[in-house]
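Colleague: For reference, the structure I am asking about is given below.
In the working numbering, the protein residues as written are 19 to 295.
So, in structure tokens, the structure goes:
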């Protein structure tokens, strides 16, 4: 299961059976889970779903979509009504495309669920500044059964840097861009090529990251994406990294009268090619 899908699953789980609001207790059926990651250059999309009550015999990983909501997003004095996508129940988007996500702007999500006003607010972070990589091309030998010990590649470190004077949170993801997997080490079988080809950092509050050449499992082009993320996004990743659902703590939420996450991020992209020597 890739990390993005695990994020979606995690948002749907609750370790408790009810939630307090200003007027009393809501049953688990009255709690909505919000999932939204706003970013410049991408249309605003909101997913609403029900809670999966967590028990030791929980087997489902699919939460029920919540349809028929009147969802809006406001920025400044402007308010935009979202509509539910016919092909993806529970997903709401702004149909006119006039809602543009911009750096530095604050966006507020609002809708009513079981007579409770559900609200989420996020400010879009700045785009990473001075994002640089030490090498955009590395060459590695293909390792086969005939290579012998002398065929093992030497260790190369690729240094990635950016500005981060305020110790903000950043997330680095490395994505394999080729349609077919061209294996570097053919001696060992790779069971999950997608998982081996794509990897990411933990949320970082520094201004550098190192990638070792041995982390690349396939020849080809890779996209390196640095995302400036908000604290609630970082917190979600930290919860995700717990080893199993057993003992899992409930993810923090920045949604009033609901669960889940309404957040934003801003990204920049670099490229690196891994070629056969």
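Even glycine gets a Cβ: it sits at the ideal position worked out from N, Cα and C.
Is residue 118 closer than 8 Å to residue 111 when the C-beta atoms are compared?
Modeller: no
Colleague: Assign residue 249 to buried or exposed, taking buried as 16 or more other Cβ atoms, counted over all protein chains shown, within 10 Å of its Cβ.
Modeller: Residue 249 counts as exposed, since fewer than 16 other C-beta atoms from the protein chains shown sit within 10 angstroms of its C-beta.
Colleague: Answer yes or no: do residue 251 and residue 281 have a C-beta to C-beta separation smaller than 8 Å?
Modeller: yes
Colleague: Please go through the same chain and pick out, in chain order, the residues whose beta-carbon is closer than 8 Å to the beta-carbon of residue 144, but skip the five residues on each side of it.
Modeller: 121, 122, 246, 284
Colleague: Which class does residue 291 belong to by DSSP, given the choice of helix, strand or coil?
Modeller: strand
Colleague: Under three-state DSSP, which class holds residue 46?
Modeller: Looking at residue 46 - three-state DSSP - the assignment turns out to be helix.
Colleague: Here's a check: name, in chain order, each residue in its chain whose Cβ is nearer than 7 Å to the Cβ of residue 310, leaving out the five neighbours to either side.
Modeller: The first residue shown for the chain is 19 and the last is 295, placing residue 310 beyond what the model contains.
Colleague: Taking 8 Å as the cut-off, does the segment 193-211 touch the segment 152-162 (at least 3 CB pairs, one atom from each stretch)?
Modeller: Yes: at least three Cβ pairs fall under 8 Å.
Colleague: If contacts are defined as beta-carbon pairs under 8 Å, then residue 68 and residue 89 qualify, I think. What distance do you get, rounded to the angstrom?
Modeller: In fact, because the Cβ distance is near 16 Å, the residues do not count as touching under 8 Å.
Colleague: Less than 8 Å separating the beta-carbons of residue 184 and residue 152?
Modeller: no
Colleague: Please report how far the alpha carbon of residue 272 lies from the alpha carbon of residue 238, in whole angstroms.
Modeller: 39 Å
Colleague: Go ahead and label residue 269 buried or exposed: buried means 16 or more other beta carbons lie within 10 angstroms of its beta carbon, across all protein chains shown.
Modeller: buried
Colleague: What does the alpha-carbon distance come out to for the pair residue 128 and residue 193?
Modeller: 34 Å
Colleague: Among 200, 221, 235, whose alpha-carbon lies nearest the alpha-carbon of residue 213?
Modeller: 235
Colleague: Short check: CB of residue 136 to CB of residue 275, under 8 Å?
Modeller: yes
Colleague: Just the C-alpha distance for residue 106 and residue 254, rounded to the nearest angstrom, thanks.
Modeller: 24 Å
Colleague: Between the alpha carbons of residue 87 and residue 150, how many angstroms are there, rounded?
Modeller: 43 Å
Colleague: Name the residue from 195, 218, 157 whose alpha carbon lies nearest to the alpha carbon of residue 294.
Modeller: 157
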